[in-house]
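Trainee: A single structure is presented below for examination.
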Amino acid sequence: MADSEALSSLAGDPMAVEALLQAVFGIVVDEAIQKGTSASEKCHYSIQKGAAFLGLGTDSVRVVKADERGRMVPEDLERQISMAEAEGAVPFLVSATCGTTVLGAFDPLEAIADVCQRHGLWLHVDAAWGGSVLLSQTHRHLLDGIQRADSVAWNPHKLLAAGLQCSALLLQDTSNLLKRCHGSQASYLFQQDKFYDVELDTGDKVVQCGRRVDCLKLWLMWKAQGSQGLERRIDQAFALARYLVEEMKKREGFELVMEPEFVNVCFWFVPPSLRGKQDSPDYHKRLSTVAPVLKERMVKEGSMMIGYQPHGTRGNFFRVVVANPALTRADIDFLLNELERLGQDL
Numbered sequence: 001m002a003d004s005e006a007l008s009s010l011a012g013d014p015m016a017v018e019a020l021l022q023a024v025f026g027i028v029v030d031e032a033i034q035k036g037t038s039a040s041e042k043c044h045y046s047i048q049k050g051a052a053f054l055g056l057g058t059d060s061v062r063v064v065k066a067d068e069r070g071r072m073v074p075e076d077l078e079r080q081i082s083m084a085e086a087e088g089a090v091p092f093l094v095s096a097t098c099g100t101t102v103l104g105a106f107d108p109l110e111a112i113a114d115v116c117q118r119h120g121l122w123l124h125v126d127a128a129w130g131g132s133v134l135l136s137q138t139h140r141h142l143l144d145g146i147q148r149a150d151s152v153a154w155n156p157h158k159l160l161a162a163g164l165q166c167s168a169l170l171l172q173d174t175s176n177l178l179k180r181c182h183g184s185q186a187s188y189l190f191q192q193d194k195f196y197d198v199e200l201d202t203g204d205k206v207v208q209c210g211r212r213v214d215c216l217k218l219w220l221m222w223k224a225q226g227s228q229g230l231e232r233r234i235d236q237a238f239a240l241a242r243y244l245v246e247e248m249k250k251r252e253g254f255e256l257v258m259e260p261e262f263v264n265v266c267f268w269f270v271p272p273s274l275r276g277k278q279d280s281p282d283y284h285k286r287l288s289t290v291a292p293v294l295k296e297r298m299v300k301e302g303s304m305m306i307g308y309q310p311h312g313t314r315g316n317f318f319r320v321v322v323a324n325p326a327l328t329r330a331d332i333d334f335l336l337n338e339l340e341r342l343g344q345d346l
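Mind the numbering: the sequence shown is residues 1 to 346 in full-length UniProt numbering, read in order.
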């Protein structure tokens, strides 16, 4: 998930192409643009992969700048569109992100939608990670403007912890777009003279034929938890992420990459040998080696697992995603204590 958009230069029906991009190949455009398609610097890798699958070519994706928090910069999106048009490309798609993979950033959807409206571009929102926040009255403002999107991708199997896999493509279109894009009218499977409404047959609307009833996972969970139960789950994740941040601030050796706006908490663990040495010329290089060492130790001990990654010019840092509904404050305390224990000799 990323913080930018995608514009694509492809002649033809942009809605058909967008449906292919999203529904068929699951493209999430967050941050890549090069020739015709625009996305931000922090987008999900699948946008490049999807452009390749579709025959657009990876060079059809242009990168839109992201700000220091990983959010797409609408002014640069406007600039990229103008540049693409000047080069003879035909931009058709912008993909914004709600909840980027690493920093958990939310693109400014209202401003991005204004740009898309001015240029007549399809706006897709990759809300695979952050879309579930809409269920929270407290935090749903992070997705202000999502109602203006032409399409939205949402993965309940992520933040809501529905069983893998459970994904949804939501469209403003009411013209049966997916069937127009993918339908093959196989009469031996999709008879049109059945006694019930044949619009209920969704098999001819997707690329694959046989498939699992993934929506049942969401329906059953929603029936069991209720809307208020799912809202509590989201709010609890935000509250625990905030608890983690505040506890880090009380301890020596923990340095936040930035204040989180979502449940992605990114930080460095600074071992005793590096504390107070931020001005040393090799400080950042040495700090970047800490996370891989600690990751190896925790995995071999079997105590926990935390992801790490570099990001832009930043060296390796940890990323704790506070999403498991079974987590408690005691688990957060254990995480911090264990990092201190594993890194005390570094």
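All residues carry an ideal CB built from backbone N, CA and C; glycine is no exception.
What number of angstroms, rounded off, separates the C-alpha of residue 54 from the C-alpha of residue 206?
Mentor: In a straight line, the C-alpha of residue 54 is about 15 Å away from that of residue 206.
Trainee: Buried or exposed for residue 272, please, with buried defined as at least 16 other CB atoms from any protein chain shown within 10 angstroms of its CB.
Mentor: Flag for residue 272 reads exposed.
Trainee: For the beta strand (DSSP E) containing residue 319, list its first residue and its last residue.
Mentor: Where residue 319 is concerned, the enclosing beta strand (DSSP E) stretches over 314-321.
Trainee: Tell me whether residue 195 is buried or exposed, calling it buried when 16 or more other Cβ atoms sit within 10 Å of its Cβ.
Mentor: Exposed is the call here.
Trainee: So the beta strand (DSSP E) residue 188 belongs to, where does it begin and stop?
Mentor: That residue, residue 188, is in no beta strand (DSSP E); it is neither H nor E in DSSP.
Trainee: Alpha carbon to alpha carbon, what distance is there between residue 104 and residue 262?
Mentor: Roughly 6 Å between the two C-alpha positions.
Trainee: Measure the alpha-carbon distance for residue 26 versus residue 319 and round it to whole angstroms.
Mentor: Residue placement at residue 26 is flagged as unreliable, the pLDDT there being 35, under the threshold of 50; the coordinate-derived value follows with that caveat. Cα to Cα, the separation comes out at about 24 Å.
Trainee: Run through DSSP, which three-state label would residue 324 get?
Mentor: DSSP places residue 324 in coil when its eight states are reduced to three.
Trainee: Is residue 304 close to chain D? Criterion is C-beta to C-beta, closer than 8 Å.
Mentor: Absent from the structure: chain D. Only one protein chain is present.
Trainee: Could you have a look at residue 110 and say whether DSSP puts it in helix, strand or coil?
Mentor: Residue 110 falls in the helix class under three-state DSSP.
Trainee: Under 8 Å between the Cβ atoms of residue 190 and residue 197?
Mentor: Result no, Cβ atoms of residue 190 and residue 197 do not sit closer than 8 Å.
Trainee: Here's the rule: buried if 16 or more other CB atoms are within 10 angstroms of the residue's CB, otherwise exposed. What is residue 209?
Mentor: That one is exposed.
Trainee: Which class does residue 144 belong to by DSSP, given the choice of helix, strand or coil?
Mentor: Residue 144: coil per DSSP, three-state reduction.
Trainee: Can you tell me which of the three DSSP states residue 101 falls into?
Mentor: Residue state, collapsed to three classes: coil.
Trainee: Considering only C-alpha positions, which residue in the set 244, 166, 152 is nearest to residue 158?
Mentor: Residue 158 has its Cα closest to that of 166, out of 244, 166, 152.
Trainee: Using only the alpha-carbon positions, how far apart do residue 345 and residue 216 sit?
Mentor: Taking the straight line from one Cα to the other gives about 49 Å.
Trainee: If you check the beta carbons only, do residue 112 and residue 142 fall under 8 Å apart?
Mentor: Cβ distance not < 8 Å, so residue 112 and residue 142 don't count as in contact.
Trainee: Under a three-way DSSP split, which group does residue 248 fall into?
Mentor: Correct three-state label for residue 248: helix.
Trainee: Using the Cα positions of residue 88 and residue 230, report the straight-line distance between them to the nearest angstrom.
Mentor: Cα to Cα, the separation comes out at about 47 Å.
Trainee: Residues in the same chain with beta-carbon distance under 6 Å from residue 150, minus the five sequence neighbours each way, listed in chain order, please.
Mentor: The residues are 122, 123, 172.
Trainee: On a Cα-Cα basis, can you pick out the residue from 169, 147, 268 that is closest to residue 308?
Mentor: Comparing Cα positions, the closest option is 268.
Trainee: Looking only at its own chain, which residues have a Cβ that is under 8 Å from the Cβ of residue 132, when we skip the five neighbours before and after it?
Mentor: Taken in chain order, the residues that qualify are 154, 156, 158, 159, 160, 230, 234.
Trainee: Can the beta-carbon of residue 336 be found less than 8 Å from the beta-carbon of residue 251?
Mentor: Yes; because the gap between Cβ atoms is below 8 Å, this pair is in contact.
Trainee: Using three-state DSSP, classify residue 129 as helix, strand or coil.
Mentor: Residue 129: coil per DSSP, three-state reduction.
Trainee: Just checking my contact of residue 109 with residue 125 at CB under 8 Å: how many whole Å lie between their CB atoms?
Mentor: Rounded, the Cβ-Cβ distance is 7 Å, consistent with contact.
Trainee: Can you look up residue 262 in the DSSP assignment and give me helix, strand or coil?
Mentor: Note: residue 262 maps to coil in three-state DSSP.
Trainee: What does the alpha-carbon distance come out to for the pair residue 264 and residue 140?
Mentor: Each residue's alpha carbon lies about 16 Å from the other.
Trainee: Going by the CB atoms, is the gap between residue 253 and residue 290 shorter than 8 Å?
Mentor: Not a contact, by the Cβ cut-off of 8 Å.
Trainee: Would you kindly report the start and end of the unbroken beta strand (DSSP E) that includes residue 171?
Mentor: It spans 168-171 - the beta strand (DSSP E) in which residue 171 sits, taken as one unbroken run.
Trainee: Pull up the CB-CB distance for residue 243 and residue 332, whole angstroms please, since I reckon it's below 8 Å.
Mentor: About 6 Å separates the two Cβ atoms, so the contact holds.
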